[in-house]
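> Sending over a structure as structure tokens; questions will come in a sec.
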Amino acid sequence: MPKTDPIAERLADGDPLAPRDLVERHYAELYRYAFAMLRDVHSSEDAVHDAFVNALEALGRYSAERVRGMSLRAWLYRITLNVVRNRVKKNREVAVEEVPVVVEGSGGREGFMDALDALGRLPERQRAAVALRYVLDLPYAEISEATGWNENTVKTLVRRGLGNMRTFMDIEEEKG
Amino acid sequence: MNEISDERIAAMLREAGEGIVAGKDFVPLIERSLADGADSFFAADSPLGTMYVVVGERGVRYATPLPASEEEFVRHYGETFGRLVVPAEETGGMSEKISAALAGEKVEVAVDFSGKTPFQRRVMEVVSKIPRGEVRPYSWVAEEAGAPRASRAVGSVMAKNPVPLIVPCHRVIRNDGTTGNYGFDPERKVRLLEREGVPVAEIARAPYVATPTTGIVCHATCHNARRIKPENRRTFRSMPAAVDAGFRPCKVCRPVAAA
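Spelled out as structure tokens, the structure:
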């Protein structure tokens, strides 16, 4: 029996400060997730904003009983992945040019951007699984909860994802 | 060629995880998520005591006299409107404006009527225009809202008014001139109206006033009616009685001849 989330309890009880605490508690990690998937500051900010708006609106509609039992963290990850997925789809439709990647607060391209670029070339499920496993450092059980995929599937996706990334990065090294 | 190991990639991704930090505008982004995903509330003084007022994107959605607890208020709002509500950080002058409106000053406040039927919306708009110090009967509101026979429906719209005082449902009285209901506390309606200078007892005796100098009959609180000299005042309990006596309805306050 998983422990209930104190913020879920507070939301169900009508604590007026609970929604803000929820957003503050998860903003950084969801941003990290969105950025790992999108590699662009503004798209990532927009994605996290949209994810929170969707989440808050849904929480407003749900009954107190339903909210009380929710695993909010995993649920927020799922919503974020959906938003990211829709943004990627939309971007593909309007064929937006690749935006140059700059990590805010740093002087320019960091070494890890090569890894993120390689991550960005993975198929979506592999990308999400690898991002959650290493960029977010989540254990497999939580990744499974955050994606709705079973643990073995997640492990397979991570293994394949890493394999593909290795190929991409080896090729880049050869070229360089 | 040195092959990159899985461990090396994992380490780079972990490094990325630490390197990705939300921009410096972290706080405004949190505020924007909350502002777009939830409504906000604040407390304001009013003639009914302290009230909690909820503002959404399109204006005021709800106002209620001080609830038992903030938690109860948040739960009730969620059940009624299906939205979360958080304490307002910045209302852009809205809270001052609403406090002024609650105090009875003449300020335009945007009210969010989404979720209301067109009829309910028209009724709320008609009632919004009844000036301070004046009252109108339910039947008049029905007529003005384009549904002359819907007097009772007007009553139920008033009973469910989510924004009391801001839409002044206390200024709508029964067709016979008595004040009628107001939530759980009809006395409150009397006190509110007296505060606004409405001669409540007088109107209960005679809701219509006419003068032979012009041959016009008004609602007793119409500003034209209040200028009638005492010696010329003719009072009526109903409009048919006034019409029978040869008076025609005032064009400003438009009393309903059949009422």
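Protein chains in written order, with our numbering: chain S, 369 to 544; chain E, 245 to 503. Cβ atoms here follow ideal geometry from the backbone N, Cα and C, with glycine treated the same way. Predicted, not measured: the structure shown is a model, and the values here were computed from it.
1) I'd like the span of the beta strand (DSSP E) that includes E:His463, first residue to last.
2) Going along the chain, which residues of its own chain have a beta-carbon closer than 8 Å to the beta-carbon of E:Val513, five neighbours each way excluded?
3) What did DSSP end up calling E:Ser284 once you bin it into helix, strand or coil?
4) Could you list which residues in chain E have their beta carbon closer than 7 Å to that of S:Met533, in chain order?
5) So is S:Val464 buried or exposed if we call it buried at 16+ other beta carbons inside 10 Å?
6) Hey, how far is the Cα of S:Leu379 from the Cα of E:Arg393?
7) Rounded to the nearest angstrom, what separates E:Arg492 and E:Thr455 at their Cα positions?
8) Determine the direct distance from the alpha carbon of S:Leu444 to that of S:Met438, and round the result to whole angstroms.
9) Go to E:Met330, then tell me how far its beta strand (DSSP E) extends in each direction, as first and last residue.
10) What does E:Glu315 reach in chain S if we use C-beta pairs closer than 8 Å?
11) Can you give the Cα-Cα distance for E:Met483 and E:Ala397, rounded to whole angstroms?
12) Starting from E:Ala332, find everything on chain S with Cβ-Cβ shorter than 8 Å and list it in chain order.
13) Which residue from E:Val487, E:Glu369, E:Ala486, E:Pro443 puts its Cα closest to that of E:Arg470?
14) Quick check on S:Val416 - is its C-beta less than 9 Å from some C-beta in chain E?
15) Looking at the C-beta of E:Val318, does it have a partner C-beta in chain S at a distance below 9 Å?
16) Count the other CB atoms within 10 Å of the CB of E:Ile472; is the residue buried (16 or more) or exposed (fewer)?
17) Within this structure, are the beta carbons of S:Val391 and E:Ile274 separated by less than 9 Å?
18) Helix, strand or coil: which one does DSSP assign to S:Gly531?
19) Quick check on the DSSP output: the beta strand (DSSP E) that includes E:Ala454 runs from which residue to which?
20) Opposite E:Val416 in the DSSP bridges: which residues?
21) Name the DSSP beta bridge partners of S:Ala386, please?
22) List in chain order: all unbroken beta strand (DSSP E) runs of 3+ residues lying wholly within the stretch 322 to 376 of chain E.
23) Indicate the three-state DSSP secondary structure (helix, strand or coil) for E:Pro493 in the structure shown.
By the coordinates alone:
1) 460 to 463
2) Residue 513 of chain E lies beyond the stretch modelled for chain E, which goes from 245 to 503, so this question has no answer here.
3) strand
4) Ile253
5) Reliability fails at S:Val464, whose pLDDT of 44 lies under 50, so the model's placement of it is uncertain and the value that follows must be treated cautiously. Exposed.
6) Looking at the two C-alpha atoms, the distance is approximately 45 Å.
7) 10 Å
8) 10 Å
9) Correcting the residue type first, residue 330 of chain E is Val in the shown sequence and not Met. Per DSSP, E:Val330 belongs to the beta strand (DSSP E) from 329 to 331.
10) Asp381, Gly382, Asp383, Pro384
11) 21 Å
12) Near E:Ala332 there are no residues of chain S at all, since even the closest Cβ is about 10 Å away, more than 8 Å.
13) For E:Arg470, the nearest C-alpha among the options comes from E:Pro443.
14) Closer than 9 Å to some Cβ of chain E, the Cβ of S:Val416 qualifies, so yes.
15) yes
16) Classification for E:Ile472: buried.
17) Yes, the pair counts as a contact, with Cβ atoms nearer than the cut-off.
18) helix
19) 452 to 455
20) E:Arg380
21) Answer by DSSP bridge pairing: none, since S:Ala386 is not bridged.
22) 329 to 331
23) strand
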